[in-house]
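Sequence lines, in order, name chains A and B. Mapping the first sequence onto the numbering used here, position 342 (from 1) lands on 342, and the numbers just tick up by one. Adding 393 to a residue's 1-based position in the second sequence gives its number in the numbering used here.
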Amino acid sequence: MNGTLLLFVFLPIFAGLFVYLLKPAQNKGIAVLIQLTLVGLSAVWCSRDLSQAILVPLLQIPLPYGMALRIDRLGAFMMLISNLLFFLMVVFSFYKEYMTPLFLAIFLSLQGFINGVFLSVDIFNIYILVEVSTISVSILIMFKKDSQSMYDGMFYLMTNLVGMAFFLLGLGYLYKLFGVLDFVHLSKALPLLADKKALAIPFSLIFTGISLKSALLPLFSWLPKAHGTASAPSIVSAILSGVYVKTGVFLLLRVHEVFGAVIPLQELISVFGFATAIGGFVLAIAQSDIKLILAYHTVSQVGLILIGLGGGHPLNPVGGVYHILAHALFKGLLFLLAGVLIEIYGTRKISEMRGLWQRSKFLSATMIVAILSITGAPFFSGGFSKYFIAYGH
Amino acid sequence: MIFESFVDGETISVVLFFIGVYGICARRNILKSIISIGIMQAAIILFFLSIKADPAAVPPIGANIADYARVADPVPQALMITAIVVGISVTALSLTMFVNLHHKYGSSNWNKVKRKRRDID
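Laid out in structure tokens, this is it:
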């Protein structure tokens, strides 16, 4: 059973290569089959008792020098979300014309990289996986090669490269101090350090990289361009908003695990969360483009998740993690609906979209469900998570 | 000389890194942005190679390593080989994207490209 963890990373990547190189007639069928397998596997992993993290060594050498995969509750949960969303996206776009073998190859390998980030135990592995997934995301953004998406993809690539360069430099300082890069030994070694001030530089560099990845307040200008780009397929926007931003939040949680014992992060996370949430809401109200509204709303939801994670009551972080799931579901649904609406009305201005109920009852009902969830109405997933985030305040 | 004591791999790499950051912030040419990212990556590689550098250490190759007191740490080199590979592919990708972008907009200035993008909208 432990060996199946490797499948999460390798199965999508090899399947993508297989589809691209051999171009079988049933390429979409293969993709759906693989997605189903991965969803099933991650559901099985989620149902197992993971209160103790399970380490799966990849080499004979033990950890500080070897390599390993680690799965814990958070990782299994994130993997279930990401694989479920990827499965739904492939099913949604089964008959779209942009589902060429090349698109499928990049899309599937992106899934492998994201799963790898959730399973890594090594910060350097995380750096490599995030860098490579940045490349595939920027190719997916500019996949249609429309005039707007060229600029958006280029801008996304450049900003994220700079952010990850900061991350890597911080990692170098960590290696200089401790000589290890895996979470298990880092979190043991950090409290033993005599001079705690030496951690300031590596922490701030790593935090800069991660806050760019998770689009915190001063560093989110790339997100609306990347997620709201007019010409990218809507499933790419849905994946970016639903899963890919959450890898930044996931990295923040991992960093919190490692540095939390030495540097008090709770307040920092709350402050950044409040600022990001308010900034995102204000900018979202000012937009008229339906995709841009959703993209800016993602910024504010990341802020909400951080407010939950930084909350003082023990239920607040639970709400934050649950909001990752809720946001992935309703934002994915809303981005898909936005894609359909843009196709129906031929415009992206939300003020020109009228009379959906007359055109399609089913679409309107789905839209109402998504909107109720996004507003946090009672008995919808967004409502429950927001209740937990606000609990005790 | 107090100045010479600062001239080591670490200091130079940090200075180089922030030269790269300056290039990103201050220059509006896309090509220069790509070059600046290259400078930042080179600085990081120099940093990793110089943090554990020790002229007296021997390479960790061969059967009788245990005889030597100081053996070089191979991990930073191994990490940096990977980082170099990633850096090269990233530079290649951004140059390819730049070529496409230049064909589309006919400019290599971020501001002009942004203005043209707004006009198309």
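Note that beta-carbon positions come from the ideal geometry of N, C-alpha and C, so glycine has one too.
If you measure between the beta carbons of residue i and residue j, is that distance less than 8 Å?
| i | j | result |
| --- | --- | --- |
| leucine 294(A) | alanine 338(A) | yes |
| serine 42(A) | alanine 76(A) | yes |
| leucine 33(A) | isoleucine 123(A) | no |
| glutamine 470(B) | leucine 442(B) | yes |
| serine 136(A) | isoleucine 106(A) | yes |
| leucine 217(A) | phenylalanine 281(A) | no |
| valine 451(B) | valine 464(B) | yes |
| leucine 168(A) | isoleucine 405(B) | no |
| serine 426(B) | methionine 158(A) | yes |
| isoleucine 290(A) | arginine 348(A) | yes |
| valine 318(A) | phenylalanine 380(A) | no |
Under 7 Å Cβ to Cβ from residue i, same chain only, skipping five residues before and after it: list those, please.
| i | result |
| --- | --- |
| threonine 229(A) | Ile141, Gln148, Ser149 and Asp152 |
| aspartate 72(A) | Leu50 and Ala53 |
| methionine 89(A) | Ile235, Ala238 and Ile239 |
| isoleucine 5(A) | Checking the sequence shown, residue 5(A) turns out to be leucine, not isoleucine. Contacts found: Val56, Leu69, Ile71 and Leu119. |
Verify the CB distance criterion: does residue i have a CB-CB separation below 8 Å to chain B?
| i | result |
| --- | --- |
| lysine 197(A) | no |
| tyrosine 151(A) | yes |
| glutamine 287(A) | no |
| leucine 157(A) | yes |
| leucine 251(A) | no |
| methionine 154(A) | yes |
Once you ignore the five residues that flank residue i on each side, which residues in its own chain have a CB closer than 6 Å to its CB?
| i | result |
| --- | --- |
| methionine 433(B) | Phe410 and Gly413 |
| histidine 185(A) | Pro64 |
| arginine 421(B) | Asn502, Trp503 and Asn504 |
| leucine 212(A) | Gly163 and Leu219 |
| histidine 327(A) | Gln301 |
According to DSSP, is residue i part of a helix, a strand, or is it coil?
| i | result |
| --- | --- |
| alanine 68(A) | strand |
| asparagine 457(B) | coil |
| leucine 157(A) | helix |
| isoleucine 423(B) | helix |
| leucine 55(A) | strand |
| aspartate 152(A) | helix |
| asparagine 83(A) | helix |
| asparagine 391(B) | Outside the shown range of chain B (394 to 514) lies residue 391(B), about which nothing can therefore be said. |
| aspartate 512(B) | helix |
| lysine 196(A) | helix |
| lysine 246(A) | helix |
| serine 443(B) | helix |
| lysine 349(A) | strand |
| valine 19(A) | helix |
| serine 120(A) | strand |
| valine 451(B) | strand |
| valine 464(B) | strand |
Is residue i close to chain A, meaning its C-beta is less than 8 Å from at least one C-beta of that chain?
| i | result |
| --- | --- |
| serine 487(B) | yes |
| serine 398(B) | no |
| serine 501(B) | no |
| lysine 425(B) | no |
| valine 464(B) | no |
| asparagine 493(B) | yes |
| methionine 394(B) | no |
Taking residue i as the query, report the chain B residues whose CB atoms sit under 7 Å from its CB, ordered along the chain.
| i | result |
| --- | --- |
| lysine 176(A) | Ile444 |
| leucine 169(A) | Phe410, Ile437 and Phe440 |
Below 7 Å on C-beta distance, what does residue i contact in chain A?
| i | result |
| --- | --- |
| glutamine 434(B) | Ala165 |
| valine 451(B) | None at all; the shortest Cβ gap to chain A is about 18 Å. |
| alanine 419(B) | Those within 7 Å of alanine 419(B) in chain A number zero; the least Cβ separation is about 13 Å. |
Given residue i, which residues of its chain have a CB within under 8 Å of its CB, disregarding the five upstream and five downstream residues?
| i | result |
| --- | --- |
| leucine 190(A) | Phe178, Leu199, Val258, Phe259, Ala261 and Val262 |
| tyrosine 173(A) | Ile201, Pro202 and Leu205 |
| phenylalanine 94(A) | Lys28 and Val32 |
| glycine 16(A) | Leu104, Ala105, Ile106, Phe107, Leu108, Ser109 and Gly112 |
| serine 270(A) | Leu306, Ile307, Gly310 and Gly311 |
Using a Cβ cut-off of 9 Å, pull out every chain A residue sitting near residue i, in sequence order please.
| i | result |
| --- | --- |
| proline 469(B) | Gly172 and Tyr175 |
| leucine 430(B) | A small fix is needed here, since residue 430(B) is isoleucine in this sequence, not leucine. Chain A residues near isoleucine 430(B): Met158, Leu161, Val162 and Ala165. |
Give me the chain B residues within the contact set of residue i, using Cβ-Cβ distance strictly less than 8 Å, ordered along the chain.
| i | result |
| --- | --- |
| isoleucine 135(A) | Ser482, Val483 and Leu486 |
| phenylalanine 124(A) | Leu472 and Thr475 |
Which chain D residues are close to residue i, counting only those with a beta carbon under 8 Å from its beta carbon?
| i | result |
| --- | --- |
| valine 479(B) | The question asks about chain D, but that chain is absent: this structure's protein chains are A and B. |
Below 9 Å on C-beta distance, what does residue i contact in chain B?
| i | result |
| --- | --- |
| methionine 394(A) | Outside the displayed range of chain A (1 to 393) lies residue 394(A), so it cannot be described from this structure. |
Name, please, each residue of chain A whose Cβ falls closer than 8 Å to the Cβ of residue i.
| i | result |
| --- | --- |
| lysine 507(B) | Tyr151 |
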